[in-house]
Amino acid sequence: MGIAALVTWLLTAVGGFVMLGVWIARGGRRTSRFSPGLIFGHFALAAAGLVVWIVYLVAGVAALAWVALVLLVPVALLGFAMFARWIPAYRSREAVAGGPGATGAAGPPERHFPVVIVAGHGLLAVATVALVLLTALGVSGG
Numbered sequence: 118m119g120i121a122a123l124v125t126w127l128l129t130a131v132g133g134f135v136m137l138g139v140w141i142a143r144g145g146r147r148t149s150r151f152s153p154g155l156i157f158g159h160f161a162l163a164a165a166g167l168v169v170w171i172v173y174l175v176a177g178v179a180a181l182a183w184v185a186l187v188l189l190v191p192v193a194l195l196g197f198a199m200f201a202r203w204i205p206a207y208r209s210r211e212a213v214a215g216g217p218g219a220t221g222a223a224g225p226p227e228r229h230f231p232v233v234i235v236a237g238h239g240l241l242a243v244a245t246v247a248l249v250l251l252t253a254l255g256v257s258g259g
């Protein structure tokens with residue numbers, strides 16, 4: 118289960134990198150509803166948790182599984198905050214350009230996040246948290 122968590126975590130990171138690339142390419146902090154602290158805090162904590170998770174998998178120290186899980190809590194909270202700010206940007210994209218999949222150039226950079234990437238990132242993140250929790254419970258109870 119620990120390896121499954123690693124795989125979902127890495128896939129989640131790929132989606133995050135895609136969105137970060139879009140955000141930067143489309144102007145980043147200049148026109149965004151997302152503050153750089155929000156974006157890079159989410160990224161840094163997720164990356165730190167991933168490193169701790171990899172060390173846990175290599176070393177097998179149960180406490181590290183719990184540390185990784187604890188790091189995922191603020192990652193998830195920051196992710197929910199960004200998702201809540203993304204929804205109005207996505208809706209305004211539909212209103213401005215005339216429908217789903219519109220690609221109008223105006224507006225904040227997060228307006229241009231592909232919906233499939235946002236959804237996949239979120240679903241994989243939920244799966245990652247669940248797998249990390251189940252793994253941590255298993256190593257401390259087994």
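Whatever position you read off the sequence shown (first residue = 1), add 117 for the working numbering. Idealized CB from N, CA, C, for every residue including glycine. Source: prediction; values computed, not measured.
(1) Evaluate Glu-227 with the Cβ neighbour count: other Cβ atoms within 10 Å of its Cβ, from every protein chain shown; 16 or more gives buried, anything less gives exposed.
(2) Under the three-state reduction of DSSP, which class applies to Ser-152: helix, strand or coil?
(3) Taking 8 Å as the cut-off, does the region 228–239 touch the region 133–142 (at least 3 CB pairs, one atom from each stretch)?
(4) Note the first and the last residue of the continuous alpha helix (DSSP H) segment covering Phe-134.
(5) Please tell me whether Ala-130 and Ala-163 are closer than 8 Å, where the distance is taken between their beta carbons.
(6) On the CB-based measure, 16 or more other CB atoms within 10 Å of its CB, does Ser-149 come out buried or exposed?
(7) Taking the alpha carbon of Val-233 as the reference point, which residue from Ser-209, Gly-132, Ile-120, Arg-146 has its own alpha carbon closest?
(8) For Pro-153, count neighbouring C-beta atoms within 10 Å of its own C-beta (all shown protein chains included) and say buried if the count is 16 or more, exposed if not.
(9) If the criterion is Cβ atoms closer than 8 Å, does the pair Val-243 and Trp-170 meet it?
(10) Anyone know if the C-beta pair for Val-256 and Ala-182 falls short of 8 Å?
(11) Mapping the DSSP letters down to three states, classify Phe-200 as helix, strand or coil.
Inspection of the coordinates gives the following:
(1) Using a 10 angstroms sphere on the CB of Glu-227, the tally of other CB atoms reaches 16 or more, which defines it as buried.
(2) Of the three classes helix, strand and coil, the one that applies to Ser-152 here is coil, per DSSP.
(3) Yes, since at least three Cβ pairs between the region 133–142 and the region 228–239 fall closer than 8 Å, the two stretches touch.
(4) Unbroken alpha helix (DSSP H) run through Phe-134: 119–142.
(5) Closer than 8 Å, so yes.
(6) Burial state of Ser-149 is buried, judged by a 10 Å Cβ sphere holding 16 or more other Cβ atoms.
(7) Checking every option, the nearest Cα to that of Val-233 belongs to Gly-132.
(8) With fewer than 16 other CB atoms across the displayed protein chains lying within 10 angstroms of its CB, Pro-153 is exposed.
(9) Taking 8 Å as the cut-off, the Cβ atoms of Val-243 and Trp-170 do not count as close.
(10) Going by C-beta atoms, Val-256 is nearer than 8 Å to Ala-182.
(11) Of the three classes helix, strand and coil, the one that applies to Phe-200 here is helix, per DSSP.
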